[in-house]
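Trainee: Numbers 1 to 303, taken from UniProt numbering, label the letters of the first sequence in order. Every residue, glycine too, gets a C-beta built ideally from N, C-alpha and C.
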Amino acid sequence: MGGMRAVETPEALPSPDLLAERLLPWFDAYNRTELPWRRPGTTAWGVLVSEVMSQQTQVARVAPVWEAWMARWPAPADLADAPTADVLREWGRMGYPRRALRLQECARIVATEHGGVVPSDPAELERLPGIGVYTAAAIAVFHYGGRHAVVDTNVRRVVARFGGRSDAGTATTRTDLADAESLLPPDAPTAARVSLALMELGALVCTARKPECGACPVSDACGFSGQEVPAGPSRKRQKYKGTNRHVRGEVMALLREAEGPVGRDRIDAVWPDARMLDEAVSQLIAEGLIGTDEAGRFELPSQ
DNA sequence: GAACCGTGGAT
DNA sequence: TATCCAAGGTT
Numbered sequence: 001m002g003g004m005r006a007v008e009t010p011e012a013l014p015s016p017d018l019l020a021e022r023l024l025p026w027f028d029a030y031n032r033t034e035l036p037w038r039r040p041g042t043t044a045w046g047v048l049v050s051e052v053m054s055q056q057t058q059v060a061r062v063a064p065v066w067e068a069w070m071a072r073w074p075a076p077a078d079l080a081d082a083p084t085a086d087v088l089r090e091w092g093r094m095g096y097p098r099r100a101l102r103l104q105e106c107a108r109i110v111a112t113e114h115g116g117v118v119p120s121d122p123a124e125l126e127r128l129p130g131i132g133v134y135t136a137a138a139i140a141v142f143h144y145g146g147r148h149a150v151v152d153t154n155v156r157r158v159v160a161r162f163g164g165r166s167d168a169g170t171a172t173t174r175t176d177l178a179d180a181e182s183l184l185p186p187d188a189p190t191a192a193r194v195s196l197a198l199m200e201l202g203a204l205v206c207t208a209r210k211p212e213c214g215a216c217p218v219s220d221a222c223g224f225s226g227q228e229v230p231a232g233p234s235r236k237r238q239k240y241k242g243t244n245r246h247v248r249g250e251v252m253a254l255l256r257e258a259e260g261p262v263g264r265d266r267i268d269a270v271w272p273d274a275r276m277l278d279e280a281v282s283q284l285i286a287e288g289l290i291g292t293d294e295a296g297r298f299e300l301p302s303q
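(1) Just how far apart, CA to CA, sit T130 and A100?
(2) With DSSP collapsed to three states, give me the class of G291.
(3) What separation, rounded to the nearest whole angstrom, lies between the Cα atoms of I267 and H246?
(4) Quick check: the Cα distance between E257 and A29, rounded to an integer number of angstroms?
(5) Assign E228 to one of three DSSP states: helix, strand, or coil.
(6) Check for me: the alpha helix (DSSP H) holding D167 runs from which residue to which?
(7) What's the call for V117, buried or exposed, on a 16-neighbour Cβ count within 10 Å?
(8) Would you call the segment 92 to 111 in contact with the segment 59 to 69, where contact means no fewer than 3 C-beta pairs closer than 8 Å?
(9) Does N154 come out as helix, strand or coil in the three-state DSSP assignment?
(10) Taking contact to mean at least 3 C-beta pairs separated by less than 8 Å, is the segment 191 to 201 in contact with the segment 163 to 174?
(11) For the alpha helix (DSSP H) holding D28, just list the boundary residues, first then last.
(12) How close, in whole Å, do the beta carbons of L183 and P16 come, if the pair is a contact with beta carbons under 8 Å?
(13) Check whether the segment 71 to 87 and the segment 108 to 115 touch, using three or more Cβ-Cβ pairs below 8 Å as the test.
(14) Checking 8 Å against the spacing of the C-beta atoms, do L201 and L23 come in under that value?
(15) With a CB to CB cut of under 7 Å and the five nearest residues on each side skipped, what residues in its chain are close to L18?
(16) Report the start-end ranges of each alpha helix (DSSP H) in the UniProt domain "HhH-GPD" (53 to 204) that is 4 residues or longer and not cut off at the edges.
(17) Does the distance from the CB of G164 to the CB of F224 come in under 8 Å?
(18) Specify the secondary structure class of V7 as computed by DSSP and reduced to three states.
(19) Look up V262 in the DSSP assignment and give the residues it is bridged to.
(20) Write down the C-beta distance between A68 and E90 rounded to the nearest angstrom, noting that I regard them as a contact closer than 8 Å.
(21) Roughly how many angstroms separate the alpha carbons of T292 and K239, rounded to a whole number?
(22) Can you have a look at T135 and say buried or exposed, based on whether 16 or more other CB atoms are within 10 angstroms of its CB?
(23) So, does the segment 135 to 148 touch the segment 40 to 57, judging by three or more C-beta pairs under 8 Å?
(24) Apart from the five residues just before and just after V49, which ones in its own chain have a Cβ nearer than 6 Å to its Cβ?
(25) Pick helix, strand or coil for E257, following the three-state DSSP scheme.
(26) Excluding five sequence neighbours on each side, which residues of the same chain lie with their C-beta closer than 7 Å to the C-beta of T190?
(27) Cα separation between I290 and R102?
(28) What separation, rounded to the nearest whole angstrom, lies between the Cα atoms of L128 and L88?
(29) Just to confirm before moving on: does the CB-CB distance between I139 and E51 stay below 8 Å?
Written out as structure tokens, the structure is:
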């Protein structure tokens with residue numbers, strides 16, 4: 001930032017009225033294929049499960065897992081009683097398996113402390129493990145019909161571009177939430193559709209790398225319309241290959257696919273660096289993602 | 001605030 | 001083939 005340069009005036013965001021008037025007809029026309037958890041009759045628990053599964057995993061990959069999961073464990077009490085090994089295997093290759101552990105913790109808390117009823121208040125939802133600001137709002141809005149801003153990565157990007165920036169910052173800020181809130185109409189059901197439509201706009205049109213401003217229903221009210229996204233990563237990217245996460249992933253994959261407990265020799269075969277492997281295995285044990293039997297062999301945790 | 005936590009689809 | 005990044009959350 002040049003110290004002497006005049007501070008750029010932030011672009012004004014679209015008014016709630018204009019946004020709803022443009023966005024909702026577009027949403028009705030271009031909505032993606034129905035996601036299974038949007039079917040009428042989906043329970044609050046089903047919505048919660050879908051949102052946790054969708055944290056950093058594409059919804060297209062989530063859908064089949066969600067179907068099998070909900071058929072097997074329809075209610076919190078069902079998941080609460082399941083062997084954790086089964087839970088981790090059903091989670092499969094969606095990534096970040098700690099989410100599966102936290103989801104089972106959620107199930108146990110909802111079953112025992114909330115009488116099996118998923119809370120509807122975002123602050124209450126945020127007390128549950130693995131439920132942050134976005135997921136709490138999503139459940140409160142998309143299932144319970146509350147009026148709250150639902151700010152995921154798509155909404156943050158869309159709002160940033162409305163304001164003339166190419167992308168949002170690295171972390172969700174109060175400003176992001178306030179900006180998204182300022183876009184919502186007063187009517188809760190309409191606000192919910194606007195939030196969903198903003199997410200969809202970000203996923204289909206106002207994409208990270210190549211926004212299609214020509215296909216955007218709000219382009220004339222957008223401060224970034226027609227501009228190119230600067231080349232290169234918009235934020236710092238994490239490596240995966242060769243890192244601790246990679247090792248953890250290999251160990252978890254081995255144990256998910258194994259028939260029974262596996263010996264140290266088979267663990268050692270998944271990674272050449274013994275130090276890295278020891279560290280990863282220790283972490284996984286400490287986090288409850290794997291366990292050991294009485295013979296010292298490794299397996300997914302029974303509970 | 002920054003680093004960390006998996007895996008695969010899209011380009 | 002390599003890189004980007006995805007309905008984020010926690011530490």
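Mentor: According to the data block:
(1) The residue asked about is misnamed: residue 130 is Gly in this sequence, not Thr. Cα to Cα, the separation comes out at about 9 Å.
(2) strand
(3) 14 Å
(4) 43 Å
(5) coil
(6) Element bounds for D167: n/a, residue is neither H nor E.
(7) exposed
(8) yes
(9) helix
(10) no
(11) 16 to 30
(12) 6 Å
(13) yes
(14) yes
(15) A221
(16) 59 to 72, 76 to 81, 84 to 91, 98 to 113, 122 to 125, 133 to 142, 153 to 162, 174 to 182, 188 to 204
(17) yes
(18) Below a pLDDT of 50, predicted positions are generally treated as unreliable, and V7, at 43, falls in that range; the measurement from the model is reported next regardless. If DSSP states are grouped into helix, strand and coil, V7 belongs with coil.
(19) F298
(20) 7 Å
(21) 30 Å
(22) buried
(23) yes
(24) none
(25) helix
(26) A20
(27) 14 Å
(28) 19 Å
(29) yes
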